[in-house]
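Engineer: Residue 443 in our numbering sits at position 132 of the sequence shown, and the numbers go up by one each step.
Glycine included, each C-beta is placed from N, C-alpha and C at the ideal position.
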Amino acid sequence: MRGLPPFPDFPVGILRGSHFHALARSIIYQQLATAAAAAIYGRVRDLTVGPRFPTPEEVLAMDEAEFRGAGLSAGKVRALRDLSGKTVSGELGLHSIGRLPDGEIVSRLTTVWGIGEWTAQMFLIFKLGRPDVMPSGDLGIREGLRILDGLDERPAPRFVMERAERWRPLRSVAAWFLWRLKDAG
């Protein structure tokens, strides 16, 4: 794969904080352009004293209007509150979640309103540094595989999973290269 940048270290620097923070940041960034998400994220962070993101307890104590004023949609406020509540209650077990198998982590995280399989997979790859995750439904992955294999159309997620078997146990690495291939193509 000539012309692609070197494979990065995992976890990614911006996700080296707490598990709660990484998930909250993912919720804020979902379905937004990077610049818009970064601006909203900064305004949410500014709701507390100092440069840090609000703690789960602080999120639960704040009025929805504060979050809405920072630019969050009602759905994202709901997701942040659900994540915060399940973090405070211990339901998610975020302190020890990294010891669990990938499937169990995805199952736990997707109990949070607003966190789906894709967000959980990104957490596995970029926060926990799991080497064998293939987010087969990701459009960038599917487009990268279309380019790699010279296909006329993007492959279906099921085809991606079948094709990715040859990359096991380093499917996260393959995913990273497929994303870069899509960006370069």
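Any idea what DSSP makes of T430, helix, strand or coil?
Structural biologist: The count along the sequence shown starts at 1 and reaches residue 430 at position 119. Note: T430 maps to helix in three-state DSSP.
Engineer: In terms of residues, what are the limits of the alpha helix (DSSP H) holding G509?
Structural biologist: With the chain represented from 312 up to 496, any question about residue 509 goes unanswered, as that position is not in the structure.
Engineer: How would you call E375, buried or exposed, if buried means at least 16 neighbouring beta carbons within 10 angstroms?
Structural biologist: Locating residue 375 in the sequence shown gives position 64, where the first residue counts as 1. Flag for E375 reads exposed.
Engineer: Compare the C-alpha of R469 against each of L450, R356, E415 and name the closest.
Structural biologist: Reading the sequence shown from its first residue, position 158 is the one you call residue 469. Looking at the Cα atoms, L450 is the closest of the given residues.
Engineer: Taking the CB atoms as reference points, tell me whether L391 and V370 lie closer together than 7 Å.
Structural biologist: By one-based count along the sequence shown, residue 391 stands at place 80. By one-based count along the sequence shown, residue 370 stands at place 59. The answer is yes: Cβ separation under 7 Å.
Engineer: Going by Cα to Cα distance, which pick from H332, A467, G455, P466 is closest to A485?
Structural biologist: Looking up residue 485 in the sequence shown gives position 174. With distances taken between Cα atoms, A485 lies closest to G455.
Engineer: Report yes or no: do the segment 418-432 and the segment 335-349 share at least 3 C-beta pairs separated by less than 8 Å?
Structural biologist: yes
Engineer: Just to confirm my understanding: we take L420, look at its own chain, exclude 5 residues before and 5 after, and list those with CB closer than 6 Å. What are they?
Structural biologist: Within the sequence shown, numbered from 1, the residue matching residue 420 stands at position 109. Cβ within range, chain order: I426, A431.
Engineer: Would you call A347 buried or exposed, if buried means 16 or more other Cβ atoms sit within 10 Å of its Cβ?
Structural biologist: Reading the sequence shown from its first residue, position 36 is the one you call residue 347. Exposed is the call here.
Engineer: May I have the straight-line CA-CA distance separating L459 from F437, to the nearest angstrom?
Structural biologist: The count along the sequence shown starts at 1 and reaches residue 459 at position 148. The count along the sequence shown starts at 1 and reaches residue 437 at position 126. Near 23 Å, if we compare the C-alpha coordinates of F437 and L459.
Engineer: Does the distance from the C-beta atom of P365 to that of T359 stay below 7 Å?
Structural biologist: One-based indexing of the sequence shown puts residue 365 at position 54. One-based indexing of the sequence shown puts residue 359 at position 48. Result yes, Cβ atoms of P365 and T359 sit closer than 7 Å.
Engineer: What did DSSP end up calling W424 once you bin it into helix, strand or coil?
Structural biologist: The residue you call residue 424 lines up with position 113 of the sequence shown. In the structure shown, W424 sits in coil (DSSP, three-state: anything other than H, G, I, E or B).
Engineer: Between R441 and S483, which are expected to be in contact by the criterion C-beta below 8 Å, what is the C-beta distance as a whole number of angstroms?
Structural biologist: Numbered from its first residue, the sequence shown carries residue 441 at position 130. Numbered from its first residue, the sequence shown carries residue 483 at position 172. About 6 Å; that satisfies the 8 Å criterion.
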